[in-house]
Amino acid sequence: MKNEGRPVLSDETQYWEERYRVADTPWNKGEGSPALVDFLASHPDLPRGAVAIPGCGFGHDVRLWAQAGFNAVGYDLAPSAVQACRRSTPAGLTATFEQGNFLIDAPPSPFDWVFEHTLYCAIQREARDSYAEAAARWLKPGGQLLAVHYLLPPDNPDGPPFGCTREEILARFGSRFELQSDWRPRSWPNREGLEHCFWWRRK
Ligand SMILES: C[S@@+](CC[C@H](N)C(=O)[O-])C[C@H]1O[C@@H](n2cnc3c(N)ncnc32)[C@H](O)[C@@H]1O
Numbered sequence: 343m344k345n346e347g348r349p350v351l352s353d354e355t356q357y358w359e360e361r362y363r364v365a366d367t368p369w370n371k372g373e374g375s376p377a378l379v380d381f382l383a384s385h386p387d388l389p390r391g392a393v394a395i396p397g398c399g400f401g402h403d404v405r406l407w408a409q410a411g412f413n414a415v416g417y418d419l420a421p422s423a424v425q426a427c428r429r430s431t432p433a434g435l436t437a438t439f440e441q442g443n444f445l446i447d448a449p450p451s452p453f454d455w456v457f458e459h460t461l462y463c464a465i466q467r468e469a470r471d472s473y474a475e476a477a478a479r480w481l482k483p484g485g486q487l488l489a490v491h492y493l494l495p496p497d498n499p500d501g502p503p504f505g506c507t508r509e510e511i512l513a514r515f516g517s518r519f520e521l522q523s524d525w526r527p528r529s530w531p532n533r534e535g536l537e538h539c540f541w542w543r544r545k
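Residue 405 in our numbering sits at position 63 of the sequence shown; the count goes up by one each step and never skips.
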């Protein structure tokens, strides 16, 4: 994936919409994140509430949260992604989908949880401070951020995904969030050892 011609820090809707339009979506595994499956199974007593899933792609993780009893709202920049999510989500599940820009938009009301999976590595490096700001803005005070990051060498030139390290993430989020734990999760064979979970609480 090349970054040629991609506008820096402008609205990137067109870029992502085109990826869906030509079916260039290699991140889609056709199922939810193994890290999230394990997290929800091993924390059955979490108080249920509202969870925002920005950059939700085809919505697999949104449906996992809803199946676990949360009110889950998936957001994505690409209208085609949102349409696909709506088509593939059964009625009766507490999962809804909206087109939006997580970095810029205000939440309809602050959430108890934000969950992300390969969004941080997908945005451009210059937008990373806005991302940390947005994560705090979308959460209630004391709200929780669960992130499954894709860690790659920091100088990885051709993104998305753009490289990031555990140290960078700890430094960027640490002023707004208190780290509860971080760990290496179960993952898909081609990402084994590259994903890392961070569970934060908003200060
Ligand atoms: C690498 S994909 C990951 C999709 C999904 N989370 C997954 O793991 O399958 C990144 C997604 O984030 C969306 N996206 C990029 N920038 C965004 C933004 N600022 N706000 C909301 N969605 C965004 C893209 O359209 C794309 O669907």
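Yeah, the Cβ is synthetic: ideal placement off N, Cα and C, and Gly gets one too.
Would you say the beta carbon of residue i is closer than 8 Å to some non-hydrogen atom of ligand 1?
i	result
S375	yes
L536	no
N498	no
W358	yes
W407	no
A464	yes
E354	yes
F400	yes
D491	According to the sequence provided, residue 491 is His. The question's Asp does not apply to it. Not so, every heavy atom of ligand 1 lies at least 8 Å from the Cβ.
If we ignore side chains and look at the alpha-carbon of each, how far apart do residue i and residue j end up?
i	j	result
R405	W358	21 Å
E510	F540	12 Å
G485	D418	21 Å
S451	Y462	22 Å
V350	G416	Because V350 sits at a pLDDT of 45, beneath the cut-off of 50, its placement in the model cannot be relied upon, and the following sentence gives the value as read from the coordinates. Those two C-alpha atoms are separated by around 24 Å.
Y492	P527	11 Å
N413	P495	35 Å
G411	D497	40 Å
K545	P421	33 Å
For residue i, count neighbouring C-beta atoms within 10 Å of its own C-beta (all shown protein chains included) and say buried if the count is 16 or more, exposed if not.
i	result
G535	exposed
P389	exposed
L488	buried
R470	buried
L435	exposed
Check: How do the stretch 440 to 455 and the stretch 468 to 482 stand: do at least 3 beta-carbon pairs fall below 8 Å, yes or no?
Finding: Contact check between the stretch 440 to 455 and the stretch 468 to 482: three or more CB pairs, one atom from each, fall below 8 Å, which counts as touching.
Note to self: Could you check whether the stretch 393 to 409 touches the stretch 456 to 476, counting it as contact only if at least three pairs of C-beta atoms, one from each stretch, sit closer than 8 Å?
What the structure shows: Taking 8 Å as the limit for Cβ pairs, the verdict is that the stretch 456 to 476 does touch the stretch 393 to 409.
Margin query: With a threshold of 8 Å, are at least 3 pairs of Cβ atoms found where one atom belongs to the stretch 357 to 372 and the other to the stretch 465 to 475?
Written below: Counting C-beta pairs closer than 8 Å gives fewer than three between the stretch 357 to 372 and the stretch 465 to 475, which falls short of the contact rule.
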